[in-house]
Structure formats: structure tokens, C-alpha cells
Amino acid sequence: MGPHPAAAHAAARDSACVKSRLCQALVPLMMKAGYGRVVNVSSSLGQLNGMTDEERVPAYQLSKAALNAVTLMVADAALGKNVMVNSVCPGWTRTDLGGPDAPQSAEEGAVTIVWLATHPNGGPTGGFFRDKKRIKW
Ligand SMILES: NC(=O)c1ccc[n+]([C@@H]2O[C@H](COP(=O)([O-])OP(=O)(O)OC[C@H]3O[C@@H](n4cnc5c(N)ncnc54)[C@H](OP(=O)(O)O)[C@@H]3O)[C@@H](O)[C@H]2O)c1
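Residue numbers (the working numbering): 3 to 139.
What follows is the structure, encoded as C-alpha cells:
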């Protein structure tokens with residue numbers, strides 16, 4: 003297990019605690035309004051299913067696993083209120099974090115995020131998605 007400076011920095015800034023506090027502030031207002039969409043941008047590196055040491059970014063992996071737990075808890079708290087709460091892995095994407103060798107553009111990486119953020123009522127909640135399909139936690 004070894005540190006990767008860029009991913010460790012991203013994990014520290016992009017912590018599940020920050021997302022959790024944001025949800026605590028905003029989701030009650032969404033529930034009151036009877037409408038809301040929360041899309042937590044996670045990563046398949048946070049999947050507990052098949053979690054390995056191969057990627058060598060433990061802080062990042064832990065932060066995304068924790069974020070996915072936040073998604074499950076907030077989705078449960080908001081059940082029946084038309085507030086859909088999901089996690090997404092955008093896939094390896096050409097950004098500052100993903101670097102120039104990633105196979106897809108930022109626009110392509112945003113597709114599933116936008117799909118869930120604009121989903122009509124009655125859609126999925128408490129799920130983890132990639133390429134508009136459910137993936138394992
Ligand atoms: N790129 C990939 O291949 C990939 C794959 C899987 C998951 N993801 C996830 O997708 C999300 C977006 O990643 P990215 O590739 O776009 O990363 P990025 O290139 O590092 O960009 C992250 C953006 O978030 C902003 N940001 C980070 N922490 C912030 C904070 N505390 N307050 C305000 N703004 C903050 C940064 O602002 P500054 O410009 O000011 O730093 C930057 O604009 C992340 O959650 C990442 O873990 C990315």
C-alpha cells in the first residue's frame with residue numbers, strides 16, 4: 003500500500019465529510035419541497051466489491067467508499083420524498099485529476115451525472131451507477 007500524492011490530495015479536498023455536511027444542509031430543504039436530485043461523484047476505486055491494493059491510492063479509495071456510504075444513508079433518509087440520491091463513477095476522464103491519457107472527454111464523463119441530476123420523478127435512488135447502469139458497491 004503506497005501513497006499517490008495527487009490522489010491523496012484529491013481525497014483530502016473531496017472528502018465524504020464535506021459531501022455529508024452538504025447533504026445535511028440541503029436534503030431537508032429538498033424533502034420539504036418534494037423534489038431533489040443528489041449525485042455524488044464517486045469512483046469505482048471505492049467499490050468494496052473486489053477492493054484491492056493494486057491501484058495504490060488507499061486514501062482516495064477510502065474516501066470514495068465512505069462517500070458511497072453517505073449516498074446510502076441519505077437516500078434512505080429521503081425515501082418517499084421524491085429526492086433521488088445516487089453515486090456515480092464517471093469513468094477515467096481527461097481532467098486535471100485523470101490526466102491527458104484518459105480515454106474519454108469531460109463531456110463524456112458527465113453523461114451519467116447529468117442523466118441522474120435531471121432524471122424524471124420515480125427514478126432510481128440509493129444506487130451506484132456507471133455508464134447509466136447500476137454497478138456493485
Ligand atoms: N477524472 C477521472 O478519471 C475520475 C475518475 C473517477 C472519479 N472521478 C471523480 O470525479 C470528480 C471530479 O474529478 P475531476 O477529474 O474533474 O478532478 P479535478 O480535475 O481535480 O477537478 C476537481 C474540481 O473540483 C474542484 N474542487 C475540489 N475540491 C473542492 C472544494 N473543496 N471546494 C471547491 N471546489 C473543489 C477543483 O477546484 P480547483 O480548480 O479550485 O482545484 C476542480 O475544479 C472527483 O470527485 C473525482 O474523484 C474522476
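Glycine is no exception: its CB is placed at the ideal position from the N, C-alpha and C atoms. Being a predicted model, the structure only gives us computed values, none of them experimental.
Could you give the C-beta distance for GLY129 and GLY111, rounded to a whole number, given that I count them as a contact under 8 Å? With 8 Å as the limit, GLY129 and GLY111 do not qualify as a contact, their Cβ atoms being about 18 Å apart.
Counting Cβ pairs closer than 8 Å, one from the region 16-34 and one from the region 75-95, do we hit at least three? With a cut-off of 8 Å, the region 75-95 and the region 16-34 count as touching, because enough Cβ pairs lie within range.
Over what stretch of residues does the beta strand (DSSP E) that includes VAL72 continue unbroken? Here VAL72 belongs to no beta strand (DSSP E); instead the alpha helix (DSSP H) covers 60-79.
For GLY52, count the other beta carbons within 10 Å of its own beta carbon; 16 or more makes it buried, fewer makes it exposed. Which is it? That one is exposed.
What does DSSP give as the partner residue(s) for SER89 in the beta ladder? According to DSSP, which records beta bridges pairwise, SER89 is partnered with ASN42, PHE130.
Straight-line Cα distance separating ASP98 from LYS135: Whole-angstrom Cα-Cα distance: 26 Å.
Exposed or buried, VAL116, counting other C-beta atoms within 10 Å across all chains shown (16 or more means buried)? By the 10 Å Cβ count, VAL116 comes out exposed.
Cα-Cα, which of GLY101, ALA104, THR73, ARG96 is closest to PRO126? For the residues GLY101, ALA104, THR73, ARG96, the minimum Cα distance to PRO126 belongs to THR73.
Is the Cβ-Cβ distance between SER2 and SER89 less than 7 Å? Residue numbering for the chain in the displayed model covers 3 to 139; residue 2 lies beyond these limits and cannot be assessed.
Could you tell me how far apart the beta carbons of VAL1 and LEU47 are, in whole angstroms, since I believe they sit closer than 8 Å? The requested residue 1 is not part of the displayed model; the chain covers only 3 to 139.
My assumption, with CB atoms under 8 Å, is that LEU69 sits in contact with LYS21. Please give the rounded CB distance. Between the beta-carbon of LEU69 and that of LYS21 there is about 6 Å, and that keeps the pair under the 8 Å contact cut.
Taking 6 Å as the line, does the beta carbon of TRP94 fall inside it for any heavy atom of ligand 1? In this structure, TRP94 has its beta carbon less than 6 Å from a heavy atom of ligand 1.
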